[in-house]
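What follows is a set of notes on a single structure, which appears directly below.
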Amino acid sequence: MISGGGRGAGGRRGRGVCRFWLEGNCRKGDNCEYLHTDSSGGGGGGGFGGGGGGFGGGGGRGRGGNRGGGGGWGGQGWGGGGGGGGGEETAGDLMIGGEEGFWAGGMQTLRGMAEVLAGSGGGGGGERRIPRRKACKFWLGGSCNRHNCNFLHAHTTAADVEMMTELTGHEKVVRAIALPESSSQLYTGSQDGTIRVWDCTTGQCVSVAAMGGDVGALITNSGWLFVGLPNLVKTWVLASGVQSDLPGPTGSVHQLLLHNGMLFAACSDGKILCWKFNPASQQFEPVASLTGHTAAVVCLEATATHLFSGSMDKSIRIWDLSTGACVHTVLAHDHVVMALVAWHTHLLSCSLDGTVKVWAPSAAGGGRYRPRFHSHRCGRQRGERARATENLMEPWPCGVSTDLAGNQVLMVAYSDNSVRLYDLPSFTERGALFTVQEVRSLCVGPSGLMFTGDSAGTVKVWRWTQ
4 MISGGGRGAG GRRGRGVCRF WLEGNCRKGD NCEYLHTDSS GGGGGGGFGG
54 GGGGFGGGGG RGRGGNRGGG GGWGGQGWGG GGGGGGGEET AGDLMIGGEE
104 GFWAGGMQTL RGMAEVLAGS GGGGGGERRI PRRKACKFWL GGSCNRHNCN
154 FLHAHTTAAD VEMMTELTGH EKVVRAIALP ESSSQLYTGS QDGTIRVWDC
204 TTGQCVSVAA MGGDVGALIT NSGWLFVGLP NLVKTWVLAS GVQSDLPGPT
254 GSVHQLLLHN GMLFAACSDG KILCWKFNPA SQQFEPVASL TGHTAAVVCL
304 EATATHLFSG SMDKSIRIWD LSTGACVHTV LAHDHVVMAL VAWHTHLLSC
354 SLDGTVKVWA PSAAGGGRYR PRFHSHRCGR QRGERARATE NLMEPWPCGV
404 STDLAGNQVL MVAYSDNSVR LYDLPSFTER GALFTVQEVR SLCVGPSGLM
454 FTGDSAGTVK VWRWTQ
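Residue numbers for the sequence shown, in the working numbering: 4 to 469.
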């Protein structure tokens with residue numbers, strides 16, 4: 004924490020902020036005639052404390068190209084051991100915030116990273132050098148050699164999260180990550196057309212399988228592996244390796260969901276295809292095609308009674324699982340609905356319009372959902388300069404993790420190469436996880452494990468700590 008400091012007599016009053024310093028590229032140091040501060044009113048005195056012993060107790064880069072932290076992957080490892088129909092309702096017609104109940108309490112805000120700097124009182128001469136709240140992309144990539152870099156040299160600002168290692172090998176964006184229950188192997192699928200299998204004890208890639216096309220979705224459930232490919236869904240029985248194909252999709256498969264013995268596929272033609280497991284044939288057989296969306300279906304979520312789908316048509320559709328009928332359509336966002344998460348009785352939605360919304364069942368029932376939490380438009384942090392096209396941080400995937408104290412935490416990946424952590428239900432921010440490029444896939448594992456896959460093809464393994 005930095006404290007103290009109005010501008011002293013030695014300050015360069017009246018100068019603007021150095022644009023090269025803001026980008027982390029000013030080489031003049033203290034000889035620069037422009038300000039090295041986020042604000043022209045910054046003061047002197049004090050230093051940036053904390054020091055610390057580095058990240059994760061060392062580790063270095065292992066033989067397999069995976070950058071380790073903490074104690075490596077030995078010991079117990081990180082595997083843990085073990086259509087149509089329905090009325091339409093626009094967002095403008097819905098009540099947002101201010102309701103009594105679980106999410107009441109006035110306007111709430113999904114804030115960015117917590118303030119790490121504070122200033123008050125008088126100060127000495129010159130300007131204080133204030134590290135920005137953004138991670139240094141060069142440091143994250145292992146190439147920053149500036150001892151006075153004004154960006155954060157840290158993988159995370161969450162005090163109780165550590166990055167364990169990086170898994171490298173994919174050549175394009177990682178679209179999906181899956182860790183089967185009680186398994187010692189992690190599965191990752193990529194736009195490079197491959198699935199990689201990783202040993203959870205050593206962190207090494209033990210198998211690479213070519214899929215013949217862009218892997219758009221990948222899930223594991225009940226001993227099965229499902230892979231969404233262009234115009235096809237492939238299935239494997241993990242114990243025996245028996246593989247079969249499920250034809251039917253037209254175009255890309257953006258997400259897969261297995262629920263109560265039924266497999267759902269979100270397709271780029273706006274349809275949701277459904278297969279049901281037949282115990283006699285030991286195969287999944289087609290049973291329905293849910294239509295109604297007017298653009299690609301991007302995400303799926305389910306509760307005991309309903310299926311939820313989010314689409315590029317900006318809507319969320321709610322389907323009765325017992326009949327397959329669409330019982331309600333909500334025009335919930337102003338852009339693509341990227342992710343849906345069911346949390347207790349609530350539904351959370353993330354959209355490229357820069358908002359995260361929380362929905363609760365309407366008192367009227369019938370599958371209707373209304374916002375019970377003020378939606379927040381995710382803007383840049385105070386003091387950060389942004390181009391006109393970067394006014395909003397776009398939420399991509401999201402998920403819910405559980406820390407070691409049993410508290411549930413919402414993970415939201417943003418377009419600024421961060422994953423932000425929010426306590427539920429308060430939405431108090433816990434910190435952020437940083438990556439070199441945008442995170443496009445998330446996975447939550449046992450024993451406090453979290454996985455992120457980014458556009459560079461890198462998978463990072465994170466863990467909650469005490």
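We put the CB at the ideal spot given by N, CA and C, even for glycine.
The beta strand (DSSP E) with residue i in it runs from where to where?
i: Phe311; result: 309 to 314
i: Phe437; result: 432 to 437
i: Gln258; result: 256 to 262
i: Gln440; result: Premise fails: Gln440 is in no beta strand (DSSP E) and is neither H nor E.
i: Cys270; result: 265 to 270
i: Ala213; result: 208 to 213
i: Lys279; result: 275 to 281
i: Leu170; result: 164 to 170
i: Pro398; result: 398 to 405
i: Gln411; result: 411 to 417
i: Glu288; result: 286 to 293
i: Asn224; result: 220 to 224
i: His331; result: 329 to 334
Should residue i and residue j be called a contact, given that it needs their Cβ atoms to be closer than 7 Å?
i: Ser314; j: Val300; result: yes
i: Ala435; j: Thr168; result: no
i: Arg466; j: Gly451; result: yes
i: Gly192; j: Ala179; result: yes
i: Met166; j: Lys360; result: no
i: Ala291; j: Val256; result: no
i: Thr332; j: Arg320; result: yes
i: Val200; j: Ser210; result: yes
i: Phe437; j: His158; result: yes
i: Phe267; j: Cys277; result: yes
i: His338; j: Ser354; result: yes
i: Thr253; j: Asp272; result: yes
i: His347; j: Ala363; result: no
i: Gly448; j: Leu261; result: no
i: Lys279; j: Thr294; result: no
Give the DSSP-derived three-state secondary structure of residue i in the structure shown.
i: Lys360; result: strand
i: Lys237; result: strand
i: Leu155; result: strand
i: Lys317; result: coil
i: Leu182; result: coil
i: Leu324; result: coil
i: Leu232; result: strand
i: Lys463; result: strand
i: Lys140; result: helix
i: Tyr190; result: strand
i: Gly54; result: Legend: pLDDT at Gly54 = 34, less than 50; position of this residue unreliable, no value from coordinates given.
i: Arg149; result: coil
i: Gly74; result: Because the pLDDT at Gly74 is just 36, under 50, the model does not fix this residue reliably, and the value given afterwards should be weighed accordingly. Reduced to three states, the DSSP call for Gly74 is coil.
i: Val20; result: strand
i: Ser247; result: strand
i: Ser354; result: strand
i: Cys203; result: coil
i: Glu304; result: strand
i: His349; result: strand
i: Ala342; result: strand
i: Cys446; result: strand
i: Tyr425; result: strand
i: Gly456; result: strand
i: Val177; result: strand
i: Thr160; result: coil
Once the 5 residues before and after residue i are set aside, which same chain residues still bring their CB inside 7 Å of it?
i: Val344; result: Glu304, Leu351, Cys401, Gly402, Val403
i: Asp248; result: Leu235, Lys237
i: Thr306; result: Ala345
i: Ala212; result: Thr197, Ile198
i: Gln440; result: Asn420, Asp457, Ser458, Ala459
i: Cys446; result: Ile180, Ala181, Leu182, Phe454
i: Val240; result: Gly226, Trp227
Output needed for residue i: all residues of its chain with C-beta closer than 6 Å, excluding positions within five of it in sequence on either side, in chain order.
i: Phe105; result: Any answer about Phe105 is weak, because its pLDDT of 33 lies below 50 and its placement is not dependable; what the coordinates show is given next. So no residue of the chain qualifies.
i: Gly74; result: In this prediction, Gly74 has a pLDDT of 36, which is less than 50 and means its spatial position is unreliable; what the coordinates show is noted afterwards. Answer for Gly74: no residue qualifies.
i: Gln411; result: Val403, Thr405, Leu427
i: Lys137; result: Phe154
i: Cys302; result: Gln258, Gly313, Ala342, Leu343
i: Leu310; result: Trp322, Leu324
i: Glu387; result: For Glu387, the predicted structure reports a pLDDT of 35, less than 50, and the residue's modelled location is therefore unreliable. A value from the coordinates is still provided. Cβ neighbours of Glu387 beyond the five flanking positions: none.
Kindly list the residues whose CB is nearer than 8 Å to the CB of residue i, restricted to its own chain and excluding five residues on each side of it in sequence; keep chain order.
i: Gln469; result: Asp163, Leu407
i: Gly215; result: Gly196, Leu232
i: Arg443; result: Val176, Val177, Arg178, Trp399, Pro400, Ala416, Gly456, Asp457, Ser458
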